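J.:
Numbering (this note's numbering), first residue to last: 7 to 372.
1) CB-CB under 7 Å to residue 79, same chain, minus the five flanking residues each way: which ones, in chain order?
2) What span of residues does the alpha helix (DSSP H) with residue 355 cover, start to end?
3) Taking the alpha carbon of residue 235 as the reference point, which residue from 323, 264, 118, 338 has its own alpha carbon closest?
4) In the DSSP assignment, what residue or residues form a beta bridge with residue 215?
5) Can you give me the C-alpha to C-alpha distance between residue 336 and residue 177, rounded to a whole angstrom?
6) So residue 331 and residue 365 are supposed to be a Cβ contact under 8 Å. How far apart are they, rounded?
7) Is the beta carbon of residue 285 sitting closer than 7 Å to the one on residue 278?
8) Taking the alpha-carbon positions, what's the residue 289 to residue 92 distance?
9) For residue 112, is the classification buried or exposed, using 16 other Cβ atoms within 10 angstroms of its Cβ as the cut-off for buried?
10) Decide if the stretch 112-127 is in contact with the stretch 253-267; the criterion is three or more beta carbon pairs, one per stretch, under 8 Å apart.
11) Provide the residue(s) that pair with residue 98 in DSSP beta bridges, ordered along the chain.
12) By the three-class DSSP mapping on this structure, what secondary structure does residue 127 have?
13) Beta strand (DSSP E) containing residue 274: first to last residue?
14) Taking residue 188 and residue 73 to be in contact with their CB atoms under 8 Å, please state how far apart those CB atoms are, rounded to whole angstroms.
15) Answer with buried or exposed for residue 310, where buried requires no fewer than 16 other C-beta atoms within 10 angstroms of its C-beta.
16) For residue 114, tell me which candidate among 208, 102, 98 has the shortest Cα-Cα distance.
17) Using CA coordinates, which residue listed in 109, 320, 70 is at the minimum distance from residue 162?
18) Which of helix, strand or coil does DSSP assign to residue 160?
19) What does DSSP give as the partner residue(s) for residue 284 in the beta ladder?
20) In or out: residue 153 buried (at least 16 other Cβ within 10 Å) or exposed?
21) Which residue's Cα is closest to the Cα of residue 217: 237, 204, 203, 210?
22) Check residue 296 in the structure and name its three-state DSSP category.
23) Would you grab the beta carbon distance between residue 192 and residue 42 for me? Rounded to a whole angstrom, and I think it's under 8 Å.
24) Which ranges does the alpha helix (DSSP H) cover as unbroken runs of at least 4 residues, wholly within the stretch 47-105, from first to last along the chain?
25) Any idea if residue 321 is buried or exposed, counting beta-carbon neighbours within 10 angstroms, 16 or more meaning buried?
26) Around the Cβ of residue 53, are there at least 16 other Cβ atoms within 10 angstroms (buried) or fewer (exposed)?
27) Report back the beta-carbon spacing between residue 4 and residue 90 to the nearest angstrom; my notes put them in contact at under 8 Å.
28) Mind checking whether residue 230 and residue 253 have CB atoms under 7 Å apart?
29) I'd like to know whether the C-beta atoms of residue 105 and residue 214 end up nearer to each other than 7 Å.
30) If I'm right that residue 62 touches residue 181 with Cβ under 8 Å, what's the distance once you round it to whole angstroms?
31) Between 299, 338, 314, 291, which lies nearest to residue 375 when the distance is taken from Cα to Cα?
32) Which parts of the stretch 245-275 are runs of the alpha helix (DSSP H), unbroken and 4 residues or longer, counting only runs that do not cross its ends?
The following block contains the structure:
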């Protein structure tokens, strides 16, 4: 391209060359330190037993991973941590969305830590059915616990698992106990149809309810209340105190209609305010009474054994399901049968039976 300033008549004119354009690739990219290699299972277990939260987080990440390679390492980590687990109080916390579960956990957790010990909070965050993503922002609502040196908060995506419980929460509890956390809180997504999953991995199941939000009987769901070891009505402050006490009386009356619990414990109904930190001592005293009661009559150990058996069966079920759908031959036949079902040329039951027959008669015998 010709420039007039380069003509001989402008010899006295000085023309700068301009600013040199930077490269399109970051020149410092190659200088970035390489990521450290993943530590071995033994190194992670050693760090967990020392209470190293970095190693604990790595172990939980491996447990939650869907990678076959990671699963092999995770299984080894869980097996090595198992002898050091079982020494905590596992408390499940559920309730309707907006009931104040995260705020309550923040307050309950500080109350627990005042007496010493360590607390691990496994917060289950709902995953999007469309994008499968999760916000994982529970730490922002636990402002005090998130900066406490004796607290470990781990948000995990529900990923469509049963009852809003992360797929590997049971194994995560084992790792946290091995790291010395003697109090485990498991926060669920919210009241659903399958809270059995959370109930089957905790010692005490706490249901948080609200008052003054509409039909109080709507909150009295037989399935969820039968599993609750304690019911607490949050936001019992200000103008809502009378409504909270009315709801307390209604829940107490409803509990009278239920059959006795397997433990022999009679669930209690209390009111409190998580925001103003009122009634927290009473709630925790109820939990202490429950643990004293079930340890005295032997139900605590019975329940722990039942949980171990339940999760063995659940692991078998999830492994068979994953093995079935991950098989390439099944995937090919599944797409074909799906087209026939959608075209009304084959019933759903017949298609399922044909796929299962092929799986058991051909693939399982290899």
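Glycine included, C-beta positions come from ideal geometry on N, C-alpha and C.
Keep in mind the model is a prediction, meaning the values are calculated, not measured.
T.: In short:
1) Hits under 7 Å: 47, 68.
2) Run containing residue 355: 354-364, per the alpha helix (DSSP H) assignment.
3) Of 323, 264, 118, 338, the residue nearest in Cα terms is 264.
4) Paired residues: 239.
5) Inter-residue distance for residue 336 and residue 177 is about 29 Å (C-alpha atoms, whole angstroms).
6) Contact between residue 331 and residue 365 is ruled out by a C-beta separation of about 10 Å, above the 8 Å threshold.
7) Their beta carbons are under 7 Å apart, which means residue 285 touches residue 278 by this criterion.
8) One C-alpha to the other measures close to 23 Å.
9) With 16 or more Cβ atoms within 10 Å of its Cβ, residue 112 is classed as buried.
10) As far as the Cβ criterion goes, the stretch 112-127 does not touch the stretch 253-267, which means the pair count is below three.
11) DSSP output for residue 98 lists 192, 211 as bridge partner(s).
12) In the structure shown, the three-state DSSP call for residue 127 is strand.
13) Counting along the chain, the beta strand (DSSP E) containing residue 274 begins and ends at 274-277.
14) Contact flag wrong, Cβ pair sits at about 31 Å.
15) So residue 310 counts as exposed.
16) The alpha carbon of residue 114 has as its nearest neighbour, out of 208, 102, 98, the alpha carbon of 98.
17) Answer by Cα proximity: 70.
18) Residue 160 falls in the strand class under three-state DSSP.
19) Answer by DSSP bridge pairing, in chain order: 279.
20) Per the 10 Å Cβ criterion, exposed.
21) Nearest neighbour of residue 217 by Cα position, chosen from 237, 204, 203, 210, turns out to be 237.
22) DSSP, reduced to helix, strand and coil, places residue 296 within a helical segment of the structure shown.
23) Contact flag wrong, Cβ pair sits at about 31 Å.
24) Given a length threshold of 4 residues, each whole run of the alpha helix (DSSP H) inside the stretch 47-105 is given here in chain order: 47-55, 59-70, 74-87.
25) Under this definition residue 321 is an exposed residue.
26) Classification of residue 53: buried, given that the 10 Å Cβ count is 16 or more.
27) The question about residue 4 has no answer, for the chain in this structure spans 7 to 372.
28) No, the pair does not count as a contact, with Cβ atoms beyond the cut-off.
29) Contact check for residue 105 against residue 214 passes: the beta carbons are separated by less than 7 Å.
30) The C-beta distance from residue 62 to residue 181 rounds to 6 Å, short enough to meet the 8 Å contact threshold.
31) The requested residue 375 does not occur in the structure, where the chain is confined to residues 7 to 372.
32) List check, alpha helix (DSSP H) in window: 247-261.
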